[in-house]
Amino acid sequence: MYPFYQILAIKERMGTMQNVRIYARVSTAEQKKKDISIPVQLEACRRYCAEHDYNVLGTYIDNGYSASSIKKRKEFQRMIEEVRRDEYILFTRLDRFSRNILDANKIVETLDQKNVSIVSIFEDDINTSTADGRFMFNLRVSLSQREIEKDSERILDVMAAKLAKGEVLTGRLPVGYKIKNKKPVIDESKAEMVKDIFKTYIDTGNWGLTARIISAKYDTYVSDTKVKWTIKNRRYIGEFRGISNYFPKIIDEATFFEANNISKNKYIKHSRNDVTYLFSGLLRCEMCGRRMASSHRKNKPNSNYYICSSRKTGKTVQHFAKSERKIEATLLNEFEGLLNDKILELEKAERKQSKKSDNTSRINNLKAKMKRIKYLYVDGFMDENEFRARYKDMENELIQLEINKNEDVMQKKEHYQYLIDSNALTLYKSFSREQKAIFWRTIIDHIVVHKDGNLDIFIR
Numbered sequence: 340m341y342p343f344y345q346i347l348a349i350k351e352r353m354g355t356m357q358n359v360r361i362y363a364r365v366s367t368a369e370q371k372k373k374d375i376s377i378p379v380q381l382e383a384c385r386r387y388c389a390e391h392d393y394n395v396l397g398t399y400i401d402n403g404y405s406a407s408s409i410k411k412r413k414e415f416q417r418m419i420e421e422v423r424r425d426e427y428i429l430f431t432r433l434d435r436f437s438r439n440i441l442d443a444n445k446i447v448e449t450l451d452q453k454n455v456s457i458v459s460i461f462e463d464d465i466n467t468s469t470a471d472g473r474f475m476f477n478l479r480v481s482l483s484q485r486e487i488e489k490d491s492e493r494i495l496d497v498m499a500a501k502l503a504k505g506e507v508l509t510g511r512l513p514v515g516y517k518i519k520n521k522k523p524v525i526d527e528s529k530a531e532m533v534k535d536i537f538k539t540y541i542d543t544g545n546w547g548l549t550a551r552i553i554s555a556k557y558d559t560y561v562s563d564t565k566v567k568w569t570i571k572n573r574r575y576i577g578e579f580r581g582i583s584n585y586f587p588k589i590i591d592e593a594t595f596f597e598a599n600n601i602s603k604n605k606y607i608k609h610s611r612n613d614v615t616y617l618f619s620g621l622l623r624c625e626m627c628g629r630r631m632a633s634s635h636r637k638n639k640p641n642s643n644y645y646i647c648s649s650r651k652t653g654k655t656v657q658h659f660a661k662s663e664r665k666i667e668a669t670l671l672n673e674f675e676g677l678l679n680d681k682i683l684e685l686e687k688a689e690r691k692q693s694k695k696s697d698n699t700s701r702i703n704n705l706k707a708k709m710k711r712i713k714y715l716y717v718d719g720f721m722d723e724n725e726f727r728a729r730y731k732d733m734e735n736e737l738i739q740l741e742i743n744k745n746e747d748v749m750q751k752k753e754h755y756q757y758l759i760d761s762n763a764l765t766l767y768k769s770f771s772r773e774q775k776a777i778f779w780r781t782i783i784d785h786i787v788v789h790k791d792g793n794l795d796i797f798i799r
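Numbering (my numbering), first residue to last: 340 to 799.
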């Protein structure tokens with residue numbers, strides 16, 4: 340027990356002690372530097388508090404965050420919210436606190452309302468409780484921000500130079516590519532799997548099923564997410580950061596856009612009860628145009644049906660359901676006629692396409708123009724936003740010019756004629772439900788379902 344006079348002395352001393360809060364920060368890039376590690380910063384601040392008889396009310400640590408912005412630093416924001424009137428905020432150096440002049444001054448204005456001062460213990464001239472300290476604070480933060488901006492400019496210059504020369508920016512490349520002489524080249528040992536992912540997904544229309552097929556075929560684990568990322572990765576058609584032919588193409592544009600069109604509009608649905616729906620994603624409601632949702636009646640086999648999404652979500656009661664069995668029966672009954680009509684349509688399109696003029700000259704001019712604006716961007720005569728927008732427009736035009744539509748039409752004609760000649764419907768009877776779903780997906784683009792039961796069937 341303390342004597343009474345000692346207790347009074349302790350209370351008097353505590354009443355005059357300065358309350359402080361300690362802040363420490365290190366970025367991801369700085370985490371391996373021992374001289375500015377979090378433990379080193381905290382030890383220095385605590386020693387300073389002990390020497391100056393300060394009372395520490397809280398310690399706040401942002402580990403792995405940059406000083407360029409305060410928005411992502413949760414502990415920093417918590418400290419600013421919790422600090423009370425007349426307290427001090429301590430840190431080792433100003434660059435631990437902020438390196439953005441706008442952010443820093445906003446914070447100081449907020450702290451001024453509480454009469455809170457900030458103190459940099461290793462920089463004697465940084466103390467916002469004095470006029471000189473406030474001046475030095477603004478000067479140092481301005482210099483720190485300029486340093487960040489100059490570093491960013493240097494990095495962007497290096498990246499622009501690498502892009503112009505077709506060199507890789509990092510050592511990590513998508514599956515199917517490797518680095519040779521600082522440039523991306525096709526890794527033949529893995530490119531075949533990439534092609535298979537696209538082909539399998541186009542055939543199945545399902546991320547998970549594609550992943551399982553590829554995993555089994557190549558004896559390696561491929562996740563649903565990996566399949567989805569591969570299908571959407573424009574590097575496989577050569578594009579990177581708005582620059583075409585930066586990567587050598589593994590996938591042609593027609594295949595890439597076909598796969599991505601499927602990912603946006605169609606998928607084979609499996610319910611929780613492992614029910615496969617033959618036409619999920621293919622049906623559209625006549626009345627509202629929305630995709631029809633799939634469902635089934637419990638404890639009743641072969642009861643799959645499709646209902647307008649609007650009705651299922653309770654938005655309207657004016658819509659209707661359609662039995663899967665009836666849709667399948669209609670398709671089987673009209674199968675040969677639908678394909679013959681499509682073949683005639685393709686032949687008409689083929690004749691029309693053959694009359695169009697040769698695009699070789701236009702393609703060459705467009706490529707030369709794309710090359711010129713690339714140089715303008717690298718040399719600083721065009722800003723990045725304008726470059727990306729103009730380059731993207733020209734690239735899309737080039738893709739349309741380069742796709743050989745005649746060849747695509749011919750392949751489709753041969754495919755549909757083969758289905759007719761081979762009597763595919765006989766084989767269809769032996770298919771599993773999953774195989775049937777894939778079969779219809781390779782033929783049908785979409786089906787419009789009318790309230791009177793009629794179907795408008797659109798072949799791919």
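Just so you know, even glycine gets a beta-carbon here, dropped at the ideal spot from N, CA and C.
In summary, G581 is buried, with 16 or more beta-carbon neighbours lying within 10 Å of its beta-carbon over all protein chains present.
In the assembly as shown, L758 is a buried residue. Its beta-carbon has 16 or more other beta-carbons within 10 Å. Per DSSP, the unbroken beta strand (DSSP E) holding A363 starts and ends at 357–365. Contact between the region 505–525 and the region 568–585 is established, with three or more Cβ pairs separated by less than 8 angstroms. The C-beta of L671 has fewer than 16 other C-beta atoms within 10 Å across all chains shown, which makes the residue exposed. A Cβ-Cβ contact shorter than 7 angstroms links I786 with L794.
Looking at the DSSP output, I786 shares a beta bridge with L622, I796.
DSSP places K453 outside both helix and strand once states are collapsed to three, so it counts as coil.
Where I428 is concerned, the enclosing beta strand (DSSP E) starts and stops at 427–430.
DSSP places C627 in no alpha helix (DSSP H); its state is neither H nor E. Rounded to the nearest angstrom, the gap between the Cα atoms of N520 and V507 is 10 angstroms. For T449, the closest alpha carbon among the candidates S459, V458, R423 is that of R423. Following the DSSP letters along the chain, one finds P523 inside the beta strand (DSSP E) bounded by residues 522–525.
The Cβ atoms of I419 and I400 lie no closer than 7 angstroms to each other.
Remark: three or more beta-carbon pairs, one from each stretch, lie closer than 8 angstroms, so the region 529–548 and the region 762–777 are flagged as touching. In the DSSP assignment, Y399 forms a beta bridge with Y362. When the five nearest sequence neighbours on each side are left out, the beta carbons in the same chain lying within less than 6 angstroms of the beta carbon of R636 are those of S642, in order along the chain. Assignment of F720 by DSSP, reduced to helix, strand and coil, places it in the coil class.
Within the same chain, A363 come within 6 angstroms of L381 by CB-CB distance, once the 5 residues on both sides are set aside.
Bounds of the alpha helix (DSSP H) holding S554 are 546–557. The straight-line gap separating the alpha-carbon atoms of S769 and M733 is approximately 48 angstroms.
Check the Cα spacing between Y393 and each of Y427, I525, P587: the tightest is with Y427. Y560 sits exposed, since fewer than 16 C-beta atoms from the chains shown fall within 10 Å of its C-beta. Setting aside the 5 residues that flank it on each side, S366 is surrounded in the same chain by G403, Y404, S405, A406, each with a C-beta closer than 8 angstroms to its C-beta; the list follows chain order.
By the Cβ-count criterion, T765 is exposed, with fewer than 16 other Cβ atoms from all chains shown falling within 10 Å of its own Cβ. The beta carbon of R432 sits closer than 7 angstroms to the beta carbons of S459, F461, E462 from its chain, once the five residues preceding and following it are set aside; these are given in chain order.
Taking the C-beta atoms as reference points, L677 is found no nearer than 7 angstroms to I601.
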